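Report on the following structure.
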Amino acid sequence: MSNDLNIQFERHDKNTWDVEYIRKSILDCMVHLVGKDPELAWENDWYKALVLFLKGILAERRVEFERKIRAQEVKRVYYLSLEYLIGRNLHRTLADLNMTDAARQALAACGKSLEEILDCEAEAGLGNGGLGRLAACIVDSMASQGYPGVGYGIRYQFGMFKQSIENGLQVEHPESWLRFGSPWELERRSLVYEIKFKGRIFHYRDKQGRNRCQWVETEDCEAQAFDVLLSGYRTPSLSYLRLWNSRASREFDLHNFNAGNYIDAVKSKIHSENLSKVLYPDDSTSMGQELRLMQEYFFVSASLQDIFAQHVTCPEDLQKLPDNVAIHLNDTHPATAIPEMMRLLLDDHGLDYENAWDITRRVFSYTNHTLLPEALETWSLDVFGKILPRHLDICYLINHHHMNNVKYKLPGDTSILGRMSLFDDNSKRVRMANLSIVGSHTVNGVAELHSQLMQKGMFADFVRLSPGKLTNVTNGITPIRWLVLANPGLANLITDVIGGDWVHDLTKLKKLADLADDHGFQDRFMAVKKANKVRLAHFMSEKHGIRLNVDFLFDVQVKRMHEYKRQLLNLLHVLTRYIWIRDGIKPGLLPRTVLFGGKAAPAYHMAKLIIRLINDVADMVRNDPVVANQLQLAFIPNYNVSAAEIIMPACELSEQISTAGLEASGTGNMKFALNGALTIGTMDGANIEIRNEVGPDNIFIFGLESHRTDELWKNGYNPGEAIAKSADLKRILEMIRDGYFCPEEPNRYQPIYDALTMGDHYLLTADYADYIACQERVDQLYRNPRAWARKSIINVANMGFFSIDRTVQTYAEKVWKIKPVK
Numbered sequence: 003m004s005n006d007l008n009i010q011f012e013r014h015d016k017n018t019w020d021v022e023y024i025r026k027s028i029l030d031c032m033v034h035l036v037g038k039d040p041e042l043a044w045e046n047d048w049y050k051a052l053v054l055f056l057k058g059i060l061a062e063r064r065v066e067f068e069r070k071i072r073a074q075e076v077k078r079v080y081y082l083s084l085e086y087l088i089g090r091n092l093h094r095t096l097a098d099l100n101m102t103d104a105a106r107q108a109l110a111a112c113g114k115s116l117e118e119i120l121d122c123e124a125e126a127g128l129g130n131g132g133l134g135r136l137a138a139c140i141v142d143s144m145a146s147q148g149y150p151g152v153g154y155g156i157r158y159q160f161g162m163f164k165q166s167i168e169n170g171l172q173v174e175h176p177e178s179w180l181r182f183g184s185p186w187e188l189e190r191r192s193l194v195y196e197i198k199f200k201g202r203i204f205h206y207r208d209k210q211g212r213n214r215c216q217w218v219e220t221e222d223c224e225a226q227a228f229d230v231l232l233s234g235y236r237t238p239s240l241s242y243l244r245l246w247n248s249r250a251s252r253e254f255d256l257h258n259f260n261a262g263n264y265i266d267a268v269k270s271k272i273h274s275e276n277l278s279k280v281l282y283p284d285d286s287t288s289m290g291q292e293l294r295l296m297q298e299y300f301f302v303s304a305s306l307q308d309i310f311a312q313h314v315t316c317p318e319d320l321q322k323l324p325d326n327v328a329i330h331l332n333d334t335h336p337a338t339a340i341p342e343m344m345r346l347l348l349d350d351h352g353l354d355y356e357n358a359w360d361i362t363r364r365v366f367s368y369t370n371h372t373l374l375p376e377a378l379e380t381w382s383l384d385v386f387g388k389i390l391p392r393h394l395d396i397c398y399l400i401n402h403h404h405m406n407n408v409k410y411k412l413p414g415d416t417s418i419l420g421r422m423s424l425f426d427d428n429s430k431r432v433r434m435a436n437l438s439i440v441g442s443h444t445v446n447g448v449a450e451l452h453s454q455l456m457q458k459g460m461f462a463d464f465v466r467l468s469p470g471k472l473t474n475v476t477n478g479i480t481p482i483r484w485l486v487l488a489n490p491g492l493a494n495l496i497t498d499v500i501g502g503d504w505v506h507d508l509t510k511l512k513k514l515a516d517l518a519d520d521h522g523f524q525d526r527f528m529a530v531k532k533a534n535k536v537r538l539a540h541f542m543s544e545k546h547g548i549r550l551n552v553d554f555l556f557d558v559q560v561k562r563m564h565e566y567k568r569q570l571l572n573l574l575h576v577l578t579r580y581i582w583i584r585d586g587i588k589p590g591l592l593p594r595t596v597l598f599g600g601k602a603a604p605a606y607h608m609a610k611l612i613i614r615l616i617n618d619v620a621d622m623v624r625n626d627p628v629v630a631n632q633l634q635l636a637f638i639p640n641y642n643v644s645a646a647e648i649i650m651p652a653c654e655l656s657e658q659i660s661t662a663g664l665e666a667s668g669t670g671n672m673k674f675a676l677n678g679a680l681t682i683g684t685m686d687g688a689n690i691e692i693r694n695e696v697g698p699d700n701i702f703i704f705g706l707e708s709h710r711t712d713e714l715w716k717n718g719y720n721p722g723e724a725i726a727k728s729a730d731l732k733r734i735l736e737m738i739r740d741g742y743f744c745p746e747e748p749n750r751y752q753p754i755y756d757a758l759t760m761g762d763h764y765l766l767t768a769d770y771a772d773y774i775a776c777q778e779r780v781d782q783l784y785r786n787p788r789a790w791a792r793k794s795i796i797n798v799a800n801m802g803f804f805s806i807d808r809t810v811q812t813y814a815e816k817v818w819k820i821k822p823v824k
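Counting in the working numbering, the sequence shown runs from 3 upward without gaps.
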């Protein structure tokens, strides 16, 4: 590596990577860092050597970027998230550095294929769904735009789980992504912090006669930092993830070992390391609940101690924290950061309550990601008090002052106190969403409808208390991963016709609208789509042994399995087509391939049952020669970022069909539309803003709107009326009830039948008829390739608003109050 860091940046900025320099650098890393003879090295060794070479470049850039941050004294943002779904990093880093072609040539000179080496990378097991993907996009965008940001999280040893489908059932396996280590990591052996749990609180008076507390007799473990450097796109700036690995404060008890108590000798090590084993441990048991709370506090405490270590060197620095530091809570999982900050300021630094609270509220901001009551995190007082007794005391103190503030500002309404309290007195639980709102200076929703529902519904009282505190920042996606890398055919076509500036400013895609009626461009556009369908068909055949007909319409719903996302409604449509085809009810029906994918939480039995029903129906469709000629159905196992990069460019119809009012935003809808898919969806989440951007004629909208779903929930919904009006729906439900798809176990899907006929909380039967009619409009349009191509192009042209760069700029200016490094 060069001793002059600016030389490396200049080479990079001028697009003058030297192939021979790269080749020699990789060989040097192979010998000196991997420790292998290049003539005997395996593909995985070449992968490690290439990553280590790139990591060296990023490390140089980090040193230079940190110097600029210090010199310019800019405010930093620290993003706290339990998930980061970053996907594979090698392809992205090469693209960021503008090194892909040069690296390919350098490896070819060594007799190696870049594509084969890219396949060696294991996808990082640091996230699961949209929450983690958004966090990854935000950290990526901070790097590309030069904002000084760090993402704090947990270094999960096994991620969430690896999903397989066995006899139609979801089976969970450990996701051993760190089995061979990760060459991207920088292990920080000196960055270790003590984390405390349980114990008791010792009250005393200090020399000034003030009441003080000391947290004593605790059970402790240690958090060690591992950094993952993340490059910005064609820029010398970068960001990084700082991930915490748990370990025992005392890993080995020699006395117990010598006494023959071999298990007891390592018990502390085993218990401590559990904290960073898996994402979202099963919390259906009391021990699981304790582990999850300990896991959340573990990474929060380590992160705040690390922030204090960087920014507090003398007492005066405490007062400057809000000017130097912004801490953002990505959902409620890191909400214990608020009482932890108070604990550090009160107990460790001796501040009084008013001063500590003023600092805390000026530092924190919070993104709410859900209005589902069951998804708003709460903890029983027993569990919270057992694991974090000092923090429970602090929460009571915060709530005391908060309630006094409510009484003062909103007098005369006693009912409001129970709703706004940090504690639910009926269920004896701590409300983490209320804690996050009270302890933050700004709270945002992630789509216009979500933010409106947040402000007018569940958190309306907080709007009255603090007008302007609750706002909206619509989610976004990174076009680098989801178009440049995932869909190079379309990216190259766009660059060919409008130039390459759109990569840095996605709003410039609007120029494509002028070509929407150009038959020549339509042909090229649809040829790219067909090539992507062929690529997906090859992936499905090679990886899963499933053959797809690329001449069928590709209809896709891939996302976390949950009843409110209504994969079951999609399946009801599939079953409708099944009986239409099988019984000849609608001859000449448009052929379709319907693809599902997504993981169900291990303890979420209904979601797992829906997966099994999808697979049972898929088997029946596949084995019926009459139906299989017009309908294909498949469930894609272990859906992840790498799979999404193949699936999304091939999709033609994107299913975004959640019950209106329940999806906060969604980002999959944006990714599909950016890749030229048309959306069929409800007026929910970011679907509404997509409709506003692309126009109502270029999206398929159906179903009840949120005000109607609210009315049905309040007044009581009777699914029997909708079922009675539809002979098809009635017949399908009877097939499910009677075991038509599982004759060996006729009652297997009785719970699904009961859920749909005895309440139907997610209103599938209410939306069924409109959904089927909307799907028939899809068929009609698809039969006109020119009209379909036109609408697809218009969708791509109007996706500029959904760039993650716009999202991060909004956070930076309105929430975090930070500026990019110059």
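All residues carry an ideal CB built from backbone N, CA and C; glycine is no exception.
If you're wondering where the values come from, they're calculated on a predicted model, not measured in any experiment.
In the three-state DSSP reduction, V218 falls in the strand class (E or B). The Cβ-Cβ distance between M528 and D463 does not fall below 8 Å. The C-beta of A110 has fewer than 16 other C-beta atoms within 10 Å across all chains shown, which makes the residue exposed. In this structure, the straight-line span from the alpha carbon of A539 to that of L60 is close to 36 Å. Take the alpha-carbon of E707 and the one of G183: they are about 48 Å apart.
Contact between G599 and I638 holds: their C-beta atoms lie close to 4 Å from each other, under 8 Å. With fewer than 16 neighbouring CB atoms inside 10 Å of its own CB, S429 falls in the exposed class.
If the five residues before and after L455 are omitted, its C-beta is found closer than 7 Å to the C-beta atoms of L373, G663, S708, all from its own chain and listed in chain order.
Checking the DSSP bridge columns, you'll see H330 partnered with Y81, S367. In this structure, F160 is the residue among R191, L485, F160 with its C-alpha nearest to the C-alpha of S178. DSSP, reduced to helix, strand and coil, places T287 outside both helices and strands of the structure shown, so it counts as coil.
Residue burial annotation: K673 is buried, with at least 16 other C-beta atoms found within 10 angstroms of its C-beta. In this structure the stretch 690–703 does not touch the stretch 717–728; the number of beta carbon pairs closer than 8 Å is below three.
Each of L676, I690, F743 was checked against the Cα of I796, and the nearest Cα belongs to L676. Membership of Y235 in any alpha helix (DSSP H) is not indicated, and neither H nor E is assigned to it by DSSP. Within the same chain, and ignoring the five residues on either side of E224 in sequence, the residues whose Cβ sits closer than 8 Å to its Cβ are V194, Y195, E196, I197, S248, R249, A250, S251, S274. Looking at the DSSP output, H205 sits in a beta bridge with C215. Nearest neighbour of R808 by Cα position, chosen from K535, T362, T509, turns out to be T509. Between the C-alpha atoms of W217 and Y206 there is a straight-line separation of about 11 Å.
Counting only the Cα atoms, I156 lies some 7 Å from L84. Classified as buried, Q658 has 16 or more neighbouring CB atoms from the shown chains inside 10 Å of its CB. Beyond the five residues adjoining it in sequence on each side, D98 comes within less than 6 Å, by CB distance, of S233, Y235 in the same chain, given in chain order.
Taken atom to atom, the span from the alpha-carbon of L29 to that of P40 is near 7 Å. Positions of the beta strand (DSSP E) runs, each at least 3 residues long and wholly inside the stretch 355–436, are given as 366–369, 380–382, 431–433 in order along the chain. When C-beta atoms of the stretch 316–331 are compared with those of the stretch 53–69, fewer than three pairs fall below 8 Å, so the two segments do not count as touching.
Looking from the CA of G502, the closest CA among P481, D516, Q226, A518 belongs to P481.
Beta-bridge pairing by DSSP links H175 to K164. Around the beta carbon of N494, fewer than 16 other beta carbons lie within 10 angstroms, which makes this residue exposed. Taking C-beta separations shorter than 6 Å and ignoring five residues to either side along the sequence, the partners of L485 in its chain run A493, L676, following chain order. Listed in chain order, the non-local C-beta contacts of I548 below 6 Å within the same chain comprise M542, A636, local neighbours out to five positions each way being set aside.
Inter-residue distance for V823 and P238 is about 11 Å (C-alpha atoms, whole angstroms).
Sequence-distant Cβ neighbours of G741 in its own chain, meaning closer than 8 Å and more than five residues away, are E747, P748, N749, R750, Y751. For the beta strand (DSSP E) assignment, the uninterrupted runs of no fewer than 3 residues enclosed by the stretch 89–159 are, from N- to C-terminal side, 151–156. For G447, the enclosing beta strand (DSSP E) starts and ends at 444–447. Annotated three-state conformation of T681 is strand, per DSSP.
In terms of Cβ geometry, L574 and Y764 do not form a close pair [threshold 8 Å].
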